[in-house]
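Enquirer:
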Amino acid sequence: MADHTPTWIWQHPGWPNFTWHAAEIQPRARACWRDLGILLGRAGALAAADDRNAEARAALDTLLQNIVTSSAIEGERLNVASVRSSLARRLGVEAPDGAPSPRSEGLAELMLDATLKPDTPLDAEMLFQWHRWLFPEADVALATLRPGQWRGVEPMQVVSGRLDRPRVHFEALPREGLEHEVEQFLVWFEASRHDPALDPLVRAGLAHFWFVTLHPFEDGNGRIARAIADRALAQADQQGIRLYAMSAAILERRADYYRCLEASQRGTPDLTAWLAWFLETLDATLLDVLAQVERTLAKARFWQRFRSAGLLPEQVKVLNRLLDGGERGFEHGISASQYQKVAKVSKATATRHLAGLVEKGCLVKLPGGGRSTRYHVPDMHRRE
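The sequence shown begins at 22 in the numbering used here and counts up by one.
Next comes the structure, spelled out in structure tokens:
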């Protein structure tokens with residue numbers, strides 16, 4: 022007797038009526054909403070403490086990161102200066118010179134259309150336009166790609182490994198009936214936005230999975246799926262999407278991303294595992310940005326306090342490095358020799374500058390003595 026167990030999720034009789042275990046998904050969604058609320062509150066405080074252009078610059082940085090990392094997930098390295106230039110012009114933000122290219126112009130248009138116009142209905146023509154923006158020069162490339170058209174009749178497989186021993190990670194549903202499948206997805210995407218029983222963040226995860234599993238284009242399906250998820254997230258909170266770039270967290274977890282997608286695409290319409298991964302990755306994104314915002318707020322409070330302390334340019338430079346944190350921020354404090362290198366001063370001058378900063382209260386001396394003496398911004402080490 023033949024085995025009729027479906028290999029792919031779209032062959033399952035329950036497709037595409039997805040289910041999940043609420044007991045596993047709801048706590049993760051609640052954690053995301055909590056951290057998103059905290060982030061929006063902190064970002065509001067930051068905007069109040071800064072100038073008007075700060076919000077636009079933050080949006081530029083976030084959207085740029087989203088574009089660059091979404092392409093990097095697919096193994097493509099973009100010209101960052103070019104993409105920044107294309108975004109900056111559209112957002113009315115001054116940016117360092119970078120020559121826009123058809124590629125960067127298209128990517129900027131796609132990202133802004135996906136996230137800053139969330140109330141525009143998503144339809145097939147919009148998907149075609151996004152695809153054309155994604156591949157503006159495909160018509161002159163030596164490729165079979167058809168910008169703004171569904172894929173051809175050839176079987177669509179995601180394959181790796183040697184030519185003589187390929188490994189099929191995924192096979193998309195046949196070309197026949199694809200238009201109907203996409204239309205079913207688009208109708209759901211618009212209607213589900215107003216479904217009070219569906220958590221908007223869960224909806225974003227479902228939309229991402231459903232579209233990338235349809236795989237309606239020859240190429241670019243992953244990037245467009247992530248843009249659709251970004252649109253769903255923008256619809257969910259109307260403003261937070263300008264503060265975080267989920268593709269950056271997906272890139273950090275790229276192997277897990279593909280592994281989870283593949284496992285779910287080979288499974289049943291129960292998407293508990295995928296949605297749990299999606300929400301955990303979203304929350305990791307929010308917590309990372311929240312930590313950055315906290316550092317920025319701490320930095321603003323610090324300079325409010327010490328703006329009139331009569332500090333030297335070298336001292337300001339070192340303090341900013343400490344306040345910025347991260348890999349270059351001397352998490353365990355700065356020594357006299359490190360101060361000397363960063364400030365480009367002599368050893369004696371470094372010692373004198375540090376003593377002056379301690380005297381003014383800008384730095385505290387950490388436990389330890391002699392050459393190992395380290396200095397930190399007050400309370401910074403306890404918060405981190």
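Where a beta carbon is used, it is the ideal one built from N, C-alpha and C, also for glycine.
Values in this document were obtained by computation on a predicted structure and should not be read as measured data.
#1: Which partner residues of Tyr396 appear in the DSSP bridge assignment?
#2: In terms of alpha-carbon separation, which member of Gln86, Ile30, Glu158 lies closest to Thr306?
#3: So the alpha helix (DSSP H) Val339 belongs to, where does it begin and stop?
#4: Quick check: the region 193-208 against the region 224-238, are at least 3 beta-carbon pairs closer than 8 Å?
#5: CB-CB under 6 Å to His190, same chain, minus the five flanking residues each way: which ones, in chain order?
#6: Whole angstroms are fine: how far does the CA of Gly113 sit from the CA of Ala364?
#7: What is the DSSP secondary structure of Pro176, counted as helix, strand or coil?
#8: Taking 7 Å as the limit between beta carbons, can you name the residues of its chain near Arg275, skipping five residues before and five after?
#9: For Arg124, count neighbouring C-beta atoms within 10 Å of its own C-beta (all shown protein chains included) and say buried if the count is 16 or more, exposed if not.
#10: Residue range of the alpha helix (DSSP H) that Leu202 falls in?
#11: For Phe191, which residues does DSSP report across the bridge?
#12: Report the rounded CA-to-CA distance for Gln150 versus Glu45, giving the unit in angstroms.
#13: Please say whether Ala228 and Ala250 have beta carbons closer to each other than 8 Å?
#14: Within 10 angstroms of the Cβ of Ile30, are there 16 or more other Cβ atoms? Answer buried if so, exposed if not.
#15: Measuring only between beta-carbons, confirm whether His201 sits less than 8 Å from chain C.
Expert: Reading off the structure:
#1: Here residue 396 refers to the residue found at position 375 when the sequence shown is read from its first residue. Ile355, Lys386.
#2: Counting from one through the sequence shown, the residue named residue 306 turns up at place 285. Among Gln86, Ile30, Glu158, the Cα nearest to that of Thr306 belongs to Gln86.
#3: Numbered from its first residue, the sequence shown carries residue 339 at position 318. Val339 -> alpha helix (DSSP H) spans 334-345.
#4: yes
#5: Reading the sequence shown from its first residue, position 169 is the one you call residue 190. Taken in chain order, the residues that qualify are Val179, Glu283.
#6: Here residue 364 refers to the residue found at position 343 of the sequence shown. Here residue 113 refers to the residue found at position 92 of the sequence shown. Taking the straight line joining both Cα atoms gives about 34 Å.
#7: What you label residue 176 is simply residue 155 of the sequence shown in a count that begins at 1. In this structure, Pro176 counts as coil in the three-state DSSP scheme.
#8: The residue given as residue 275 occupies position 254 in the sequence shown. Only Ile94 meet the Cβ criterion.
#9: Within the sequence shown, residue 124 is the residue found at index 103, counting from 1. Classification of Arg124: buried, given that the 10 Å Cβ count is 16 or more.
#10: Working through the sequence shown from its first residue, we reach residue 202 at position 181. The question names Leu, but residue 202 is Glu in the sequence shown. 199-213 is the span of the alpha helix (DSSP H), which, as asked, contains Glu202.
#11: Indexing the sequence shown from 1 puts residue 191 at position 170. Phe191 is bridged to Val179.
#12: As a first step, residue 150 must be located in the sequence shown, where it is residue number 129. As a first step, residue 45 must be located in the sequence shown, where it is residue number 24. Answer to the nearest angstrom: the Cα atoms are 37 Å apart.
#13: Counting from one through the sequence shown, the residue named residue 250 turns up at place 229. Counting from one through the sequence shown, the residue named residue 228 turns up at place 207. A contact, by the Cβ cut-off of 8 Å.
#14: In the sequence shown, residue 30 corresponds to position 9, counting from 1. Looking at its Cβ environment, which holds 16 or more other Cβ atoms inside 10 Å, Ile30 is buried.
#15: Absent from the structure is chain C; it holds one protein chain and no more.
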